[in-house]
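Student:
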Amino acid sequence: MVFTGRPNAGKSSIIREVVGLDVAIGKRPGTTRRISKYPLSGDLVLVDTPGFGRMIGASKRFQNKKKDQIIKFLTSYAQSIALAVHVLDISTFSEVTWRLEKKGFISVDVEMVQFLTETLGEFPLVAANKIDKANREELEGNLEEFIHRIDKGYPVSVGEHVFPVSAKTGSGLGALKSAIHEMLVAKGYKTPFKVSL
Ligand SMILES: Nc1nc2c(ncn2[C@@H]2O[C@H](COP(=O)(O)OP(=O)(O)OP(=O)(O)O)[C@@H](O)[C@H]2O)c(=O)[nH]1
Ligand SMILES: [Mg+2]
């Protein structure tokens, strides 16, 4: 089970809250510096990845090296990845995306979700994190924008795979946890936690 996302999106915070692992979290982008594996129950391993994109205090070369490592990891382990959870900061999604598009780039989150779908042959779960940082209107707009950009005729209903959450307040984490649980059980894995459904 692998967690992906841009630096500072809250990957490690969500792992901590949902799975209960004592992983490092930090205020600045670039806290998790290497692909970190944590054995869970059965033959399930949880993988926390460094952020995909700009990290504070790291060179362009280092950031590109990390990006290559993540892509290589996902491609070579594709067959044995039970589940991918992509974490994004939904509170700034539209703003960040517009800024990138003005410069001619596409959203790293959109690119990453597409890459995961193609590589793993399955749409990932998406944790739209930091909902506590946006008001209701902003949140709805950003979620709609994200789903609209992702929705490119996938055979799944994209919206059903997107979970608005806050690792800070705990809001929405129950639903995300249940979805992770269900996906793992469906694939015959022992789940890492007890869930009351
Ligand atoms: N307000 C708010 N802050 C959050 C939330 N989730 C995480 N944070 C904060 O965001 C910062 C980054 O969290 P991390 O969990 O370290 O993020 P990460 O994606 O693992 O970051 P890297 O390891 O640097 O790639 C920390 O200061 C967290 O406390 C959230 O839901 N709401
Ligand atoms: Mg981290």
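Just so we're aligned: the sequence shown equals residues 0 to 196 in numbering that gives the first Met the number 0. The beta carbon of each residue, even a glycine, is placed where N, CA and C say it ideally should be. Every value quoted in this text rests on a predicted model; they were computed, and no experiment measured them.
Pick helix, strand or coil for Ala126, following the three-state DSSP scheme.
Tutor: Note: Ala126 maps to strand in three-state DSSP.
Student: Please go through the same chain and pick out, in chain order, the residues whose beta-carbon is closer than 6 angstroms to the beta-carbon of Thr168, but skip the five residues on each side of it.
Tutor: Asp131
Student: Helix or strand or just coil, what does DSSP make of Asp131?
Tutor: Looking at Asp131 - three-state DSSP - the assignment turns out to be helix.
Student: For ligand 1, any of its heavy atoms closer than 6 angstroms to the Cβ of Lys10?
Tutor: yes
Student: Could you tell me if Arg5 is buried or exposed, where buried requires 16 or more neighbouring beta carbons within 10 angstroms of its beta carbon?
Tutor: buried
Student: Three or more C-beta pairs under 8 angstroms: does that hold for the stretch 118-133 against the stretch 88-95?
Tutor: The stretch 118-133 is in contact with the stretch 88-95.
Student: Determine the direct distance from the alpha carbon of Leu175 to that of Ser12, and round the result to whole angstroms.
Tutor: Counting only the Cα atoms, Leu175 lies some 14 angstroms from Ser12.
Student: Starting from Phe2, follow its DSSP beta bridges and name the residues at the other end.
Tutor: Asp47 and Val84
Student: Who are Tyr37's beta bridge partners in DSSP?
Tutor: Leu45, per the DSSP bridge assignment.
Student: Checking 7 angstroms against the spacing of the C-beta atoms, do Val109 and Ile149 come in under that value?
Tutor: In this structure, Ile149 lies closer than 7 angstroms to Val109 by Cβ.
Student: Give every residue of the same chain whose Cβ lies closer than 6 angstroms to the Cβ of Val1, excluding the five residues on either side of it in the sequence, and list them in chain order.
Tutor: Apart from the 5 residues on each side of it in sequence, Val1 sits with its Cβ closer than 6 angstroms to the Cβ of Val46, Ile80 and Ala83 in its chain, given in chain order.
Student: Considering Cα atoms alone, identify which of Arg135, Val161, Asn134 and Glu136 is closest to His147.
Tutor: When only C-alpha atoms are compared, the closest one is Val161.
Student: Check whether the stretch 31-41 and the stretch 49-57 are in contact - that is, three or more C-beta pairs closer than 8 angstroms.
Tutor: yes
Student: Could you work out which residue in Gly120, Ser156 and Pro163 is closest to Gly140 when comparing CA atoms only?
Tutor: Pro163
Student: What distance in whole Å lies between the Cβ atoms of Leu142 and Ile179, which are believed to be in contact at a cut-off of 8 angstroms?
Tutor: Actually they are not in contact, since the Cβ atoms of Ile179 and Leu142 sit about 20 angstroms apart, beyond 8 angstroms.
Student: Judging by CA-CA distance, which residue of Ser75, Ser156 and Gln68 is the nearest neighbour of Leu119?
Tutor: Per the Cα distances, Ser75.
Student: Does Ser58 pass the burial test, meaning 16 or more other C-beta atoms within 10 Å, or should it be called exposed?
Tutor: exposed
Student: Residues in its own chain within less than 6 angstroms of Pro38 by CB, not counting five upstream and five downstream?
Tutor: Taking C-beta separations shorter than 6 angstroms and ignoring five residues to either side along the sequence, the partners of Pro38 in its chain run Val44, following chain order.
Student: What do you get for Lys65, buried or exposed, if any count of 16 or more other CB atoms within 10 angstroms of its CB means buried?
Tutor: buried
Student: Helix, strand or coil, according to DSSP, for Val161 in the structure here?
Tutor: strand
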